[in-house]
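Worksheet: one structure, shown below.
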Amino acid sequence: MYAIAELLVPVGIDARVARRVVDALGPDAPRLVRDDPWTLLTVPGLAPDDVDQVARLAVPGIRGDDERRGRGLVAHVLAREGRDGHIVTGRSDVVAALAEFGVPDAPGAIEAALRAELVVDVDDCVALARLASAETSIAESIRRLQASATPMKLPKAELPELDQTQLGAVRAALESGVSVLTGGPGTGKSRTVSAIVTLAEKSGKTVALAAPTGRAAKRLEELCGAPASTIHRLLGAQARQDGDELTFSGGFARGADAPLDEDVVVVDEASMLDVELAQALFEACKDGAHLVLVGDAAQLPSIGPGRVLGDVIDSGAVPITELTTLYRHAEGGMIAKLAAGVRGGDLPVVDDPAREVMVIPARDSAEAAHRVVQLVTDSIPRALGIPADQVQVVTPVHRGAAGTQAINAALKAKLNPGSGRSTRFDAGDRVVATANHLEASPFGYANGEVGVVVDVAGDGTVTVEFASGPAEVKGKALADLTHGWAITVHRAQGSEFPAVVVVLTADAGGMLTRPLVYTALTRAQRHLSVVHAAGPRLAHAVRAVSSRPRRTTLAQALSKGR
3 MYAIAELLVP VGIDARVARR VVDALGPDAP RLVRDDPWTL LTVPGLAPDD
53 VDQVARLAVP GIRGDDERRG RGLVAHVLAR EGRDGHIVTG RSDVVAALAE
103 FGVPDAPGAI EAALRAELVV DVDDCVALAR LASAETSIAE SIRRLQASAT
153 PMKLPKAELP ELDQTQLGAV RAALESGVSV LTGGPGTGKS RTVSAIVTLA
203 EKSGKTVALA APTGRAAKRL EELCGAPAST IHRLLGAQAR QDGDELTFSG
253 GFARGADAPL DEDVVVVDEA SMLDVELAQA LFEACKDGAH LVLVGDAAQL
303 PSIGPGRVLG DVIDSGAVPI TELTTLYRHA EGGMIAKLAA GVRGGDLPVV
353 DDPAREVMVI PARDSAEAAH RVVQLVTDSI PRALGIPADQ VQVVTPVHRG
403 AAGTQAINAA LKAKLNPGSG RSTRFDAGDR VVATANHLEA SPFGYANGEV
453 GVVVDVAGDG TVTVEFASGP AEVKGKALAD LTHGWAITVH RAQGSEFPAV
503 VVVLTADAGG MLTRPLVYTA LTRAQRHLSV VHAAGPRLAH AVRAVSSRPR
553 RTTLAQALSK GR
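For the sequence shown, position 230 matches number 232 in our numbering, and the numbering has no gaps at all.
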């Protein structure tokens with residue numbers, strides 16, 4: 003780290019970034035950076051201008067038209083596209099993006115990146131090699147599982163009370179190597195999953211249950227009466243020593259060479275799977291296993307690149323069962339009806355005397371924030387008997403009057419003002435993880451997990467009770483913990499809460515899309531309040547599926563294999 007800091011500090015980069023460089027490149031980082039300074043572009047948070055300055059220091063006399071710079075910037079552009087969810091990008095778009103960095107020969111830079119195997123050609127587009135490889139691997143794993151699975155027989159005398167569509171999903175899961183169960187809230191997905199697990203176990207098969215987040219895994223476990231875990235824990239996420247701390251190495255103990263033992267693998271909230279996690283999961287399923295993906299493709303796609311669930315559904319390469327009949331009434335009728343309307347592109351008028359759903363209009367973001375605090379701290383607990391610690395605020399944005407930062411500050415001041423100590427957190431604070439820390443002792447936690455601080459030690463260690471169990475948060479992991487009375491829609495995905503206050507304002511701009519609104523509304527179990535300050539933009543957002551569909555190739559790869 004000292005060797006890296008010697009390259010960063012003279013050009014004005016904070017010495018603490020050296021740790022991120024070593025995390026990304028490993029202990030051989032100094033040599034790698036001196037051999038190719040633009041390797042630094044793979045490190046989150048380092049901009050091309052910063053890296054150019056490091057290059058001039060590390061390699062005196064280096065030129066702006068150096069081939070290493072061009073190919074590094076190609077990878078940088080594609081990584082930037084990946085952060086928006088895209089796997090492939092047209093060559094002309096890459097050339098146009100390279101112009102902003104003054105690359106003199108953009109087509110030549112693309113060819114240099116291809117020769118270095120940083121990127122690959124995909125149907126007149128280019129893609130980062132690792133992302134293209136992940137999609138190829140997913141398609142190959144699906145074909146392998148489809149070819150190797152042996153159908154299980156349904157015991158007719160023990161069939162549960164399901165409708166014909168739900169029974170079709172059960173048959174598909176037990177007969178096919180890969181199947182998908184999809185549908186909106188209130189359509190019976192949970193009951194169907196429970197039947198799949200029960201019948202598989204009665205057939206003598208072992209079952210693994212997993213979900214992307216600890217809260218979703220806990221819900222799956224309660225539903226099926228069997229242990230469930232996060233996908234990372236199921237795959238045996240591996241840690242590495244980083245000074246005095248452990249960090250997730252990015253690798254898994256289970257994979258193609260050490261597959262999972264279970265005969266049936268059920269994954270809930272599968273819309274959250276990005277291509278790299280899906281690759282790891284699919285490769286870890288043994289020959290003959292049955293993989294059941296359960297999720298709602300109408301929700302937001304994964305935070306990471308790709309749209310795995312949507313592509314598998316679009317490909318038609320595996321049995322797909324979509325549940326559409328609304329069964330949930332007493333325990334969620336109006337929420338389910340509102341969600342079903344939005345899922346289909348309609349924004350129904352809410353008239354609910356039972357107050358399961360309430361819409362609270364606001365003129366602007368400032369008034370919306372005021373209404374939110376009022377709802378959480380007074381109206382919902384007093385009128386509905388749901389305590390404030392069971393109410394979750396969900397908003398599209400971090401900044402602004404109705405963003406997570408401002409609302410969290412206001413709610414902390416009202417609900418848990420604290421002892422006045424210098425630490426950011428106090429016992430009783432609600433917090434949310436903003437990164438995976440699966441190595442945390444004694445139980446790891448994932449990005450988006452919401453928990454409650456139960457202790458703050460003298461050395462600054464914060465103990466948080468997450469859905470998956472307690473975890474000690476200390477050292478640099480503390481930077482990945484923030485207050486969580488209000489969280490973004492993306493972080494709320496994969497979780498449900500007894501009561502949810504959704505804040506929708508005009509400030510969200512282009513982020514307001516049908517998947518985002520639908521995902522926000524479907525986080526609520528018993529009560530939903532919508533603070534509406536978006537004006538006509540909300541109805542427009544619901545009519546528009548998405549402002550920018552993701553560019554992927556998995557659906558085509560699967561279709562070709564049929």
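Every residue, glycine too, gets a C-beta built ideally from N, C-alpha and C. All values reported here derive from a predicted model rather than from experimental measurement.
Inset, instruction - Specify, as a first and last residue, the run of the beta strand (DSSP E) that His234 falls within. - result: The count along the sequence shown starts at 1 and reaches residue 234 at position 232. His234 -> not in any beta strand (DSSP E); alpha helix (DSSP H) instead, spanning 233–236.
Inset, instruction - Give a yes or no on whether the C-beta atoms belonging to Val433 and Val455 are separated by under 7 Å. - result: Taking the sequence shown and counting its residues from 1, one reaches residue 433 at position 431. Taking the sequence shown and counting its residues from 1, one reaches residue 455 at position 453. For Val433 and Val455, yes; Cβs fall inside 7 Å.
Inset, instruction - Pull up the distance between the alpha-carbon of Val122 and that of Gly290, whole angstroms please. - result: In the sequence shown, residue 122 corresponds to position 120, counting from 1. In the sequence shown, residue 290 corresponds to position 288, counting from 1. Rounded to whole angstroms, Val122 to Gly290 spans 32 Å at the Cα level.
Inset, instruction - Using only alpha-carbon positions, find the residue among Thr323, Ala338, Pro321, Pro307 that is nearest to Tyr329. - result: Indexing the sequence shown from 1 puts residue 329 at position 327. Of the candidates Thr323, Ala338, Pro321, Pro307, the one whose C-alpha sits nearest the C-alpha of Tyr329 is Ala338.
Legend entry - Option nearest Phe254 by Cα separation, candidates Pro551, Glu285, Asp380: The count along the sequence shown starts at 1 and reaches residue 254 at position 252. Of the listed residues, the one whose Cα sits closest to Phe254 is Glu285.
Inset, instruction - Please report the Cβ distance between Ala390 and Thr379, rounded to the nearest whole angstrom; I am assuming they are in contact, meaning their Cβ atoms lie under 8 Å. - result: Position 388 of the sequence shown holds residue 390. Position 377 of the sequence shown holds residue 379. Indeed, because the Cβ distance is near 6 Å, the residues count as touching under 8 Å.
Legend entry - Residue closest to Asn449, alpha-carbon to alpha-carbon, out of Asp354, Arg221, Pro214, Gly308: Start at 1 with the first residue of the sequence shown, and residue 449 comes out as number 447. When only C-alpha atoms are compared, the closest one is Pro214.
Inset, instruction - Could you tell me the distance, in whole angstroms, from the CA atom of Val195 to the CA atom of Ala218? - result: Counting from 1 along the sequence shown, the entry for residue 195 is found at position 193. Counting from 1 along the sequence shown, the entry for residue 218 is found at position 216. Rounded to whole angstroms, Val195 to Ala218 spans 14 Å at the Cα level.
Inset, instruction - Have a look at Leu211, Arg528, Ala368 and flag the residue whose alpha-carbon is nearest the alpha-carbon of Gln394. - result: What you label residue 394 is simply residue 392 of the sequence shown in a count that begins at 1. Nearest option by C-alpha distance: Arg528.
Legend entry - Same chain only: Cβ atoms within 7 Å of Ala435, ignoring 5 sequence neighbours per side: As a working note, residue 435 is residue 433 in the sequence shown. Contacts found: Tyr447, Ala448, Asn449, Gly450, Glu451, Asp482, Leu483.
Legend entry - Coarse secondary structure for Leu506, derived from DSSP in three states: Residue mapping note: residue 506 aligns to position 504 of the sequence shown, counting from 1. It is a strand residue.
Legend entry - For Leu237 and Ala230, believed in contact at Cβ under 8 Å, the rounded distance: The sequence position of residue 230 within the sequence shown is 228, counting from 1. The sequence position of residue 237 within the sequence shown is 235, counting from 1. Their Cβ separation, rounded to whole angstroms, is 14 Å, which puts Ala230 and Leu237 out of contact at 8 Å.
Inset, instruction - To the nearest angstrom, report how far apart Ala442 and Leu480 are at their CA atoms. - result: As a first step, residue 442 is located in the sequence shown; it is residue number 440 there, counting from the start. As a first step, residue 480 is located in the sequence shown; it is residue number 478 there, counting from the start. C-alpha separation (whole angstroms): 11 Å.
Inset, instruction - Give me the Cα-Cα distance between Glu69 and Ala114, rounded to the nearest whole angstrom. - result: Position 67 of the sequence shown, counted from the first residue, corresponds to residue 69. Position 112 of the sequence shown, counted from the first residue, corresponds to residue 114. If you take the alpha carbons of Glu69 and Ala114, they lie about 7 Å apart.
Legend entry - Member of Ile64, Val314, Asp431 whose CA lies at the smallest distance from the CA of Ala272: Here residue 272 corresponds to residue number 270 of the sequence shown, with the count starting at 1. Per the Cα distances, Val314.
Inset, instruction - Please determine, among Arg21, Ala101, Gln55, the residue with the shortest C-alpha to C-alpha distance to Val76. - result: The count along the sequence shown starts at 1 and reaches residue 76 at position 74. Nearest option by C-alpha distance: Ala101.
Legend entry - Secondary structure of Cys127, DSSP reduced to three states: If you number the sequence shown from 1, residue 127 lands on position 125. DSSP places Cys127 in strand when its eight states are reduced to three.
Inset, instruction - Counting only the same chain and skipping the five closest in sequence on each side, list residues whose C-beta sits under 8 Å from that of Ala258. - result: Reading the sequence shown from its first residue, position 256 is the one you call residue 258. Correct list, in chain order: Glu285, Ala286.
Inset, instruction - Indicate whether Ile586 and Ala129 have their beta-carbon atoms separated by less than 7 Å. - result: Within the shown structure, residues of the chain are numbered from 3 to 564, placing residue 586 beyond reach of any answer.
Inset, instruction - Thinking Gly405 and Val396 are a contact (beta carbons under 8 Å), I'd like their distance in whole angstroms, please. - result: Counting from one through the sequence shown, the residue named residue 405 turns up at place 403. Counting from one through the sequence shown, the residue named residue 396 turns up at place 394. 12 Å between Cβ atoms; not a contact.
Inset, instruction - Let me know the secondary structure DSSP gives Ala203 once reduced to three states. - result: Counted from its first residue, the sequence shown places residue 203 at position 201. Per the sequence shown, residue 203 should be read as Glu rather than Ala. The answer is helix: DSSP assigns Glu203 an H, G or I state.
Inset, instruction - Given a cut-off of 7 Å, decide if His485 and Lys414 are closer than it, judged by their beta-carbon atoms. - result: Within the sequence shown, numbered from 1, the residue matching residue 414 stands at position 412. Within the sequence shown, numbered from 1, the residue matching residue 485 stands at position 483. For Lys414 and His485, yes; Cβs fall inside 7 Å.
Inset, instruction - Note down, in chain order, each residue of its chain lying with its Cβ closer than 6 Å to the Cβ of Asp95, except the 5 sequence neighbours on either side. - result: Counted from its first residue, the sequence shown places residue 95 at position 93. Excluding sequence neighbours, Asp95 sits near nothing in its chain.
Inset, instruction - For His372, collect the residues of the same chain with a Cβ closer than 7 Å to its Cβ; drop the 5 residues on either side in sequence, then sort them by chain order. - result: To locate residue 372, count along the sequence shown from 1; it is residue 370. Correct list: empty, nothing qualifies.
Legend entry - 7 Å Cβ cutoff met for Val505 and Val374: In the sequence shown, residue 505 corresponds to position 503, counting from 1. In the sequence shown, residue 374 corresponds to position 372, counting from 1. Yes. Within cutoff.
Inset, instruction - Can you have a look at Thr565 and say buried or exposed, based on whether 16 or more other CB atoms are within 10 angstroms of its CB? - result: Coverage of the chain is limited to positions 3 through 564, which leaves residue 565 absent and any answer about it impossible.
Legend entry - Neighbourhood of Ala559 by C-beta distance below 7 Å, restricted to the same chain and skipping five residues each side: Numbered from 1 along the sequence shown, position 557 holds the residue referred to as residue 559. So the qualifying residues of the chain are Glu137, Thr138, Ala141.
Legend entry - Ala299 and Leu311 closer than 7 Å at C-beta: Here residue 299 corresponds to residue number 297 of the sequence shown, with the count starting at 1. Here residue 311 corresponds to residue number 309 of the sequence shown, with the count starting at 1. For Ala299 and Leu311, yes; Cβs fall inside 7 Å.
Legend entry - Of the residues Gly346, Ala370, Gly335, the one placed nearest Ala356, counting alpha carbons only: Position 354 of the sequence shown holds residue 356. For the residues Gly346, Ala370, Gly335, the minimum Cα distance to Ala356 belongs to Gly335.
Legend entry - Host alpha helix (DSSP H) of Gly110 (start-end): Looking up residue 110 in the sequence shown gives position 108. Here the alpha helix (DSSP H) through Gly110 covers 108–117.
Inset, instruction - Look at the alpha carbon of Val267 and the alpha carbon of Ile409, and state the distance between them as a whole number of angstroms. - result: Taking the sequence shown and counting its residues from 1, one reaches residue 267 at position 265. Taking the sequence shown and counting its residues from 1, one reaches residue 409 at position 407. If I take the Cα positions, the gap works out to 39 Å.
Inset, instruction - Using beta-carbon positions only, say whether Thr554 and Gly297 come within less than 7 Å of one another. - result: If you number the sequence shown from 1, residue 554 lands on position 552. If you number the sequence shown from 1, residue 297 lands on position 295. Not a contact, by the Cβ cut-off of 7 Å.
Legend entry - Thr232 versus Leu275: straight-line alpha-carbon distance, rounded: In the sequence shown, the residue the question calls residue 232 occupies position 230. In the sequence shown, the residue the question calls residue 275 occupies position 273. The straight-line gap from Cα to Cα measures roughly 12 Å.
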